[in-house]
Amino acid sequence: MRANLNRALTRTGYPAPMPFPHRITVALCLLASAVLPGTVRAAQVGQVEVVGLDEEATANVLAALSLVQAQGRELSGRRLAYLVREADNETREALEPFGYYSPRIEVERSRNGNGAPVTVTITVDPGEPVRVRDHHVAIIGEGGRDRYLREDLAEFRPQAGDVFDHAVYEASKNTISRRLAVRGYFDADFASRRVEVTRAENAADIDLVWTSGQRYDMGPVEFEQTRRIIRPSLIERLVYWEEGSYYHQGKLDRLRESLARLDYFASIDIQPRPADAVGNDVPVTVTLTPAKRSIYTAGLSYGTDSGAGVRLGLERRYLNDRGHKALAQLDWAQRRKTLTLQYRIPAFAWLDGWYTISAQAADEQTDFMDSRRIEFVGSRSGEINRYLTAIASLHALRERWAYVGEDDGDPATLPDYRYATYTYPSLRAEYVDADNPVFPVDGRAGTLMLRGGIEGAGSDANFAQMRATAHWFRGVGADNRLIVRGELGHTYTNALVDLPPSLRFFAGGAGSIRGYGWREVGPRIEGADGRLYALGAKNVVTGSVEFEHYFNESWGAAVFADTGSAFNSDPDLRSGVGAGVRWRSPVGPVRIDVAHGLDDPDSSFEIYLSVGADL
């Protein structure tokens, strides 16, 4: 009967039914798949470990593994098995850039319990690295006789016997390609670019040859201003090379720096056009976009010495098409007020720089000093090179001052004011070589100032003065910074009492010797109120060592030790130690320090707050 039914179903187009025991087996399998899909078909990748490699190679392997990219996702058993098989090939490819072409790799997976993520461990024995056997690197043509390119060829790595590291090879190759373009070999191309690796012999053969073509020369320079603000004849003076001289990208870089220092332009685009070369001369187009003409500044300030205050400023980047500039700035604080007016004219004769005329009025009212002065300065600055700037100036100073503690305590009695008039020349050199002037991690800076006046020639007394400062910054690891600072000053005069406070040396306070009050270190007199007041001195010497550690991109802490003195004959060194908080704020570094003087300070602790760039 069942056989006849089967034949009937077959004839009508339906498949014949399975035997009864087989139907039970298939039904149970379908039920298990439907009820327990996670336990049979799904898995999740947990930890992926690479064992046997250094940190850099491990990171490269992990970045190449599809298993790592699949972490945390539900995968079918078949997909997981595929990724585990692929881990072997992906690991091999990731090791080749380090010169390892025949590693031994073992991939294991384990699961701590039913449903737990799968842990994959990749154990690697990198084996012997591939080393360079044959090394043929050359430049054919005019560039092959170029001294600087020959030096680059001599420095090419890897050389015969070195491990064939892909990154080192590519870096050396790119260095020479860039140098060819920088030195004007615009037609340079590869004649041969081949690396053959023989795995069985762990050997790599390098065959790398450039054809340099001819070296081009500097052609005409065309300036284009999107909106004309400066007469072309002014900025054309910045082109210091002769047309037809050899081409070098460094010449264009120096032109860019000179234009940027003028601060007239928001963007500077310098494009050589070798495709438009006439003969051997490459024309250059300089496209200049003007910057905003006026800069307004306003902000609050606080200084341990000056107190709370406000700063207001207005700068005109360009007053006319001759590039003149003007600046007005007011600093109004509780104990110190300064008004500065400045007018600058660009100067290109001898050295790029500025002619500057400025006037400054200052009023300082502290617990021990009542000082007012007005000073006129005419100067000429010049940039000797990218690191060194020289400034020659002539000063005319009129100053009035009195020590508040010298009066007899009667409010009706005016302080015994003293007056001084000095006209003197000054020469200043500034050196800065730093990776970042706001927050240098690797840098050094220094200043040297010489000035002096002659009695009867605009000055009340004879004097000559020298002052030098130095800063050194060094990164220590990724999160630390070491700062060393020094200052040295000396005055030649027999009439120190006639020098106004602005021409004397003082020590103590922020930026000098922390742990002591402002101008606390040095010669002092006792006033009528019994307090000690700083007189200023002929000489000064200070030094500081500071170590900073940063916990993240913005916040850090510092410890420091300062020492030094202001003195007339023999130094009486004072030292202070302390700690502080550092904040790399959007407006510049903020420093809060607490310091203690070790040699009879007037107070047990001093607190300092300062804001601004390190250089």
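Taking the UniProt record's numbering, I'd label the letters of the sequence shown as residues 1 to 615.
For glycine and all other residues, C-beta sits at the position ideal for the given N, C-alpha and C.
Which same chain residues end up closer than 6 Å to A495 when comparing Cβ atoms and leaving out the 5 residues on each side of it in sequence?
The beta carbon of A495 sits closer than 6 Å to the beta carbons of A461 from its chain, once the five residues preceding and following it are set aside; these are given in chain order.
Let's see if you can read the secondary structure: which residues bound the alpha helix (DSSP H) around K251?
249–262
If A566 sits next to F505, beta carbons under 8 Å apart, how far is it from one beta carbon to the other, in whole angstroms?
5 Å
Exposed or buried, what is residue 616 when buried is set at 16 or more other beta-carbons lying within 10 Å of its beta-carbon?
An answer regarding residue 616 cannot be provided, because it is not within the stretch 1 to 615 covered by the chain.
Nearest-angstrom Cβ-Cβ length linking A468 and L448, presumed shorter than 8 Å
The beta carbons of A468 and L448 sit about 5 Å from each other, so the pair counts as a contact at 8 Å.
In the DSSP assignment, the beta strand (DSSP E) including D162 goes from what residue to what residue?
Per DSSP, D162 belongs to no beta strand (DSSP E) and is neither H nor E.
Give the range of the alpha helix (DSSP H) segment to which S233 is assigned.
232–235
In angstroms, rounded to a whole number, what distance separates the CA positions of V118 and V48?
Each residue's alpha carbon lies about 9 Å from the other.
Could you tell me the alpha carbon to alpha carbon distance between T366 and V484, rounded to whole angstroms?
30 Å
Alpha carbon of Y185 to alpha carbon of D152, nearest angstrom:
Y185 and D152: Cα-Cα distance of roughly 15 Å.
Evaluate contact between the stretch 338–352 and the stretch 312–325, counting only Cβ atoms and requiring at least three cross-stretch pairs below 8 Å.
yes
Let me confirm a value: T91 is counted as buried when at least 16 other C-beta atoms fall within 10 Å, else exposed. Which label applies?
With 16 or more other Cβ atoms within 10 Å, it is buried.
Measuring CA to CA, which of V559, E383, R237, Q225 is closest to G353?
E383
Give the range of the alpha helix (DSSP H) segment to which R79 is assigned.
77–95
Just curious, the alpha helix (DSSP H) that S66 is in, first and last residue?
66–69
The alpha helix (DSSP H) spanning residue 628 covers which residue range?
The structure shown has nothing for residue 628, since the chain only spans 1 to 615.
Let's see if you can read the secondary structure: which residues bound the beta strand (DSSP E) around I384?
Segment: none, I384 is in no beta strand (DSSP E) and carries neither H nor E.
State the start and end residues of the unbroken beta strand (DSSP E) segment that holds G515.
Element bounds for G515: n/a, residue is neither H nor E.
Beta-carbon proximity of R591 to S610, cut-off 8 Å:
Taking the C-beta atoms as reference points, S610 is found nearer than 8 Å to R591.
Can you tell me whether D562 is buried or exposed? The criterion is at least 16 other CB atoms within 10 Å of its CB, across all chains shown.
buried
DSSP puts Q360 in a beta bridge; with which residues?
T340, E375
Rounded straight-line distance, which links the Cα of E170 to that of G141:
So the two alpha carbons sit approximately 22 Å from each other.
Going by the CB atoms, is the gap between G307 and Q334 shorter than 8 Å?
Q334 places its beta carbon less than 8 Å from that of G307.
P126 - DSSP class collapsed to helix/strand/coil
coil
Bridge partners for T175 per DSSP, in chain order?
Note: T175 sits in no beta bridge, so no partner.
8 Å contact criterion, which F265 and T289 should meet: CB distance rounded
6 Å
Y422 beta carbon less than 8 Å from that of L450
no
Helix, strand or coil at residue 616 according to DSSP, with G and I counted as helix
Since the first residue of the chain shown is 1 and the last is 615, residue 616 is not available in this structure.
Cβ shell of E106 (< 6 Å), same chain only, five flanking positions each side left out
T123
Is T58 helix, strand or coil when you go by DSSP?
helix
Can you give me the C-alpha to C-alpha distance between A534 and E526, rounded to a whole angstrom?
9 Å
Going by beta carbon distance, what residues of the same chain come within less than 7 Å of A167, once the five residues before and after it are set aside?
P97
Using a Cβ-Cβ cut-off of 6 Å (strictly less than) and excluding sequence neighbours within five positions of V45, which residues of its own chain qualify?
L67, A70, Q71, V118
Looking only at its own chain, which residues have a Cβ that is under 6 Å from the Cβ of E128, when we skip the five neighbours before and after it?
N202
DSSP on G144, reduced to helix/strand/coil?
Secondary structure at G144: helix, using DSSP grouped into helix, strand and coil.
Mapping DSSP to helix, strand and coil, what is F567?
strand
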